[in-house]
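Heads up, the thing below is written out as structure tokens.
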Amino acid sequence: MAGLRAHGDASALLSVTGDGPTQLLSYRQLAARALGVADALDAAGLVAGERVALLSHRRGANEAVGLCGILAAGGVVVPLDAGAPKLRLQRQFNDSGCRGWVHDDSANEVVTAIAGASLRIELDTEGLVLASVGDPVSGAAADTQLACVLHTSGSSGRPKAVPMSWQGIDAFLQWMTTLLTLSPSDRVLRVAELVFDLAWFDHLATFRAGATLCALSRRQLAAGRSLAAAIDALAPSIIYGVPSMFIKLTAASDAPLSSSLRAICFAGEVFPRRQLATFAERVPHAALYNLYGPTETNVCCYHALTAADRSGNSEIPIGVACPYAQCRIVTKDGRTIRGQGLGELVVSGPTAFNGEVSTGDRIQRAANGLFYFRGRLDRMVKLRGYRVDPCEVETTLATHPAVQRAAVT
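The working numbering applies: residue 3 is where the sequence shown begins, and numbers increase by one.
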């Protein structure tokens with residue numbers, strides 16, 4: 003909280019309405035409201051290191067307040083997707099061992115339908131409402147080394163929980179802040195949902211730097227024209243998103259994007275060369291970065307695009323290992339490949355889940371020392387940045403009484 007308060011009355015959060023940019027919260031207001039959430043969680047009996055689900059159908063002030071409040075209370079944030087089916091949310095809540103909820107009133111119906119919380123805090127437009135406190139329930143063991151638990155698709159038919167440590171998040175945020183020279187004068191456009199690691203850069207790196215987070219509604223994000231209009235109005239300097247979003251932007255208009263943009267990062271899926279070249283033409287003033295890494299490792303490789311990359315005349319690599327990551331390519335029998343070669347990428351370091359992750363990605367190291375993505379070793383696919391395991395889809399389909407067998411190809 004001291005870090006937030008240190009930025010005083012500077013804008014922490016902006017949105018855009020018909021009248022243009024509107025300040026939702028100053029840093030002083032964000033700190034005060036987050037402290038209210040932290041105090042309520044403490045009064046409700048939350049122990050540092052316990053897990054708390056965060057759910058908001060709206061993107062903006064309450065979501066940022068809830069995030070900062072849970073962290074200030076020493077809790078571990080478990081962000082859930084407001085658009086997910088209730089059964090999936092209940093499984094994620096239970097499997098993560100959550101002690102309770104922080105949510106806004108737009109999520110009342112969903113939260114009420116999911117039993118098991120021993121504490122529940124509802125955020126309103128002015129602060130928060132301690133909606134109910136019940137008898138404690140058993141949850142995951144408290145772990146103060148964790149910052150959050152994210153979920154990704156799992157082959158077992160259930161979403162897979164991926165705990166992320168403070169050590170890993172801090173390493174990532176410090177590196178990104180240095181790479182992008184993030185400062186209080188920056189405006190960071192928040193496009194990813196909190197269930198993605200991308201959004202943790204948006205919130206935490208921005209707030210730590212005293213920069214301004216620009217929040218968009220889901221309606222503004224839905225179409226290329228509305229997204230372009232919001233970018234023009236908010237004049238962000240940094241965007242971190244998935245290629246499909248940038249492709250949507252370029253398809254909506256031939257006009258250049260805001261000259262305020264100075265750095266754009268993309269991750270989560272392959273950016274096709276032709277579409278990348280078209281997008282690069284619309285942002286000639288912005289540096290472009292290709293970031294790579296599954297949820298289990300966060301970003302572990304990166305590449306700053308060259309002029310040749312931007313023209314579409316060369317294949318875009320995933321680049322080199324980030325300073326905090328150790329990346330090696332291994333053969334099927336587990337031998338590490340030195341120099342050029344093709345195999346599975348194995349990542350270790352502070353951001354890697356359980357210390358080391360076999361990514362399941364086929365990666366080639368070229369003669370120039372750069373890594374290139376060569377597909378998956380399994381059937382995993384990406385859909386608008388979401389990782390989807392066909393096995394999970396098959397398992398879910400097979401639970402329907404009208405389905406005898408299911409296969410996803």
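Each residue gets a CB set at the ideal place from its N, CA and C atoms; glycine is no exception.
Linking Leu43 to Val79 through their CA atoms gives a straight-line distance of about 13 angstroms. When only Cα atoms are considered, Tyr29 and Gly341 end up about 49 angstroms apart. Here the segment 243 to 255 makes no contact with the segment 203 to 218; the two share fewer than three CB pairs at distances below 8 angstroms. Out of Ala254, Phe209 and Gly336, the CA that lies nearest to the CA of Ala231 is found in Ala254. Judged by DSSP secondary structure, Asn292 falls within the beta strand (DSSP E) whose first and last residues are Ala289 to Tyr294. Apart from the 5 residues on each side of it in sequence, Gln328 sits with its Cβ closer than 6 angstroms to the Cβ of Ser350 and Gly351 in its chain, given in chain order. In this structure, the straight-line span from the alpha carbon of Asn356 to that of Met166 is close to 9 angstroms. For Ser108, the closest alpha carbon among the candidates Ser98, Ile123, Ala354 and Cys100 is that of Ile123.
For Ala253, the enclosing alpha helix (DSSP H) starts and ends at Pro245 to Ala254. Within the DSSP secondary-structure output, Gln342 pairs in no beta bridge.
Restricting attention to beta strand (DSSP E) runs no shorter than 3 residues, the segment 63 to 106 encloses them at 78 to 81 and 100 to 106, ordered along the chain.
Assignment of Ile331 by DSSP, reduced to helix, strand and coil, places it in the strand class. Between the C-alpha atoms of Asp335 and Ala12 there is a straight-line separation of about 55 angstroms. The DSSP-derived three-state label of Gln366 is strand. Closest in alpha carbon position to Gln94, among Ala310, Ala269, Leu56 and Thr299, is Leu56.
Straight-line measurement puts the Cα of Asp199 at about 7 angstroms from the Cα of Asn300.
Taking the Cα of Asn64 as reference, the smallest distance to any Cα among Gly77, Leu27 and Leu82 is reached at Leu27. Cβ contact annotation for Gln277 (same chain, cutoff 6 angstroms, sequence separation greater than five): Ile249, in chain order. Residue environment analysis places Leu89 among the exposed positions, since fewer than 16 neighbouring C-beta atoms fall within 10 angstroms of its C-beta. A residue is called buried when at least 16 other Cβ atoms come within 10 angstroms of its Cβ; Arg367 meets this threshold and is buried. Relative to Ile331, the option among Arg192, Ala194, Gly47 and Leu372 whose CA is nearest is Leu372. In the DSSP assignment, Arg189 falls outside any alpha helix (DSSP H) and lies within the beta strand (DSSP E) extending over Arg189 to Arg192.
Distance from the CA atom of Gly170 to the CA atom of Trp103, rounded to whole angstroms, is 25 angstroms.
In summary, Ser98 is buried, with 16 or more beta-carbon neighbours lying within 10 Å of its beta-carbon over all protein chains present. Short of 7 angstroms from the beta carbon of Leu347, and not among the five residues preceding or following it, lie these beta carbons of its own chain, in chain order: Cys329, Ile331, Thr361, Asp363 and Ile365. His305 and Pro319 do touch by the CB rule: their CB atoms are close to 5 angstroms apart, below 8 angstroms. In this chain, Tyr374 is not harboured by any alpha helix (DSSP H); it is covered by the beta strand (DSSP E) spanning Phe373 to Arg378. Of the candidates Ala279, Glu298, Gly295 and Leu293, Ala279 places its Cα closest to the Cα of Ala309. In this model, Leu37 and Ile233 are separated by some 31 angstroms (Cα to Cα). Scanning Leu82, Cys70, Ala323 and Leu229 for the CA closest to the CA of Leu32 turns up Cys70.
Annotation: Glu317 to Tyr291 spans about 14 angstroms, alpha carbon to alpha carbon. His153 and Val112 do not touch by the CB rule: their CB atoms are close to 16 angstroms apart, not below 8 angstroms. In this model, Ala213 and Asp204 are separated by some 10 angstroms (Cα to Cα). Between Gly76 and the set Leu82, Gly68 and Arg264, the nearest pair of CA atoms involves Gly68. Under DSSP, the beta-bridge partners assigned to Leu347 are Ile331.
Of Arg7, Pro161, Phe375 and Phe273, the smallest CA-CA separation from Pro87 is found for Pro161.
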